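Residue numbers (my numbering): 1215 to 1492.
Here you go:
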């Protein structure tokens, strides 16, 4: 009908107008970024070796910290899923493993490291806080986090949840080094990628993330608590900040979300939504 045609045209005009709106007119609104990983959604932070390489091999120190809200209870407790990953396992090359991944393995929150050529180190603990925001910080230092050594082996990993120490684990007895990822594979959130950069669907999950930072230093508990309490204090100019994204308000371009340092850009893939704070 004529009325339908007019409505269709009006909708198209509005759509065209929205598409041409200048980005400088864009006003961000406070929102949570919900990524539906089970339905193909994920965050792609781009291919950058800096996300997983932190100096001399065998001497690496870094901190990964972010706020996360996991929304899929059954899925979380009954599967192996990735929250944030630079990790690959190349089964065409005798399981060459590189990079790191914060993941959940049947209700255990873990940090997975590629070690040596095909080995793993996967410290973790029981964790089932769902449908609420939690701050997760994984601190790595191959020479010993906070200088700690246990039975002659450096404490390689400490994991904090909401600023509280949940895990302190020494590295492997064989002292094989952590292996950063130099493949053309992006860092991603809420899924994992194969060595050929394909999404691994069964390792995907649903959730929200905000205030993600990677540091090329091993932060202390006091520093972790400060970052948790005042995430907005991170400016992007910190000398040890590799990258950081706030992800706490809508953006003008979901395919080009600049990080705090201005060096990197993330894009949202597949099924996601910005849920405006009410």
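Here a beta-carbon is modelled for each residue, glycine too, at the ideal position from N, C-alpha and C.
In this text, all values refer to a predicted model and were calculated from it rather than measured experimentally.
Per-residue DSSP class, three states only, for residue i
i: residue 1464; result: coil
i: residue 1401; result: coil
i: residue 1426; result: strand
i: residue 1306; result: helix
i: residue 1441; result: helix
i: residue 1470; result: coil
i: residue 1378; result: strand
i: residue 1288; result: helix
i: residue 1451; result: coil
i: residue 1417; result: helix
i: residue 1250; result: strand
i: residue 1264; result: helix
i: residue 1269; result: coil
i: residue 1336; result: coil
i: residue 1317; result: strand
i: residue 1243; result: coil
i: residue 1219; result: helix
Contact set for residue i: own chain, Cβ-Cβ below 6 Å, skip 5 residues either direction
i: residue 1470; result: 1479
i: residue 1393; result: 1312 and 1328
i: residue 1274; result: 1268, 1356 and 1392
i: residue 1255; result: 1249, 1484, 1485 and 1486
i: residue 1298; result: 1316 and 1403
i: residue 1253; result: 1485
Exposure label - residue i; buried when at least 16 CB within 10 Å
i: residue 1305; result: exposed
i: residue 1218; result: exposed
i: residue 1287; result: exposed
i: residue 1224; result: exposed
i: residue 1277; result: buried
i: residue 1399; result: buried
i: residue 1461; result: buried
i: residue 1418; result: buried
i: residue 1416; result: exposed
i: residue 1366; result: exposed
i: residue 1340; result: exposed
i: residue 1383; result: buried
i: residue 1220; result: exposed
i: residue 1536; result: For residue 1536 there is no data in the structure shown, the boundaries of the chain being 1215 and 1492.
Candidates the options: closest to residue i by CA position
i: residue 1310; options: 1293, 1299 and 1328; result: 1328
i: residue 1395; options: 1300, 1370 and 1460; result: 1300
i: residue 1257; options: 1391, 1483 and 1356; result: 1483
i: residue 1285; options: 1421, 1364 and 1349; result: 1421
i: residue 1352; options: 1426, 1443 and 1485; result: 1426
i: residue 1443; options: 1254, 1333, 1382 and 1281; result: 1281
i: residue 1316; options: 1241, 1338 and 1332; result: 1338
i: residue 1414; options: 1330, 1303, 1291 and 1381; result: 1303
i: residue 1466; options: 1240, 1283 and 1348; result: 1240
Other residues of its chain near residue i: CB distance less than 8 Å, five sequence neighbours each side excluded
i: residue 1336; result: 1319, 1324, 1325, 1326 and 1327
i: residue 1490; result: 1243, 1244, 1245 and 1464
i: residue 1332; result: 1308, 1309, 1310 and 1311
i: residue 1493; result: Given a span of 1215 to 1492 for the chain in the structure shown, any question on residue 1493 remains unanswerable.
i: residue 1454; result: 1429, 1430 and 1431
i: residue 1477; result: 1457
Other residues of its chain near residue i: CB distance less than 7 Å, five sequence neighbours each side excluded
i: residue 1364; result: 1384
i: residue 1272; result: 1356 and 1391
### Three-pair Cβ contact test at 8 Å for the stretch 1322-1334 versus the stretch 1396-1406
no
### Message
Taking contact to mean 3 or more Cβ pairs, one atom from each stretch, closer than 8 Å, check whether the stretch 1431-1447 and the stretch 1369-1384 are in contact.
### Response
yes
### Task
Give a yes or no on contact between the stretch 1357-1370 and the stretch 1244-1264, applying the rule of three or more CB pairs nearer than 8 Å.
no
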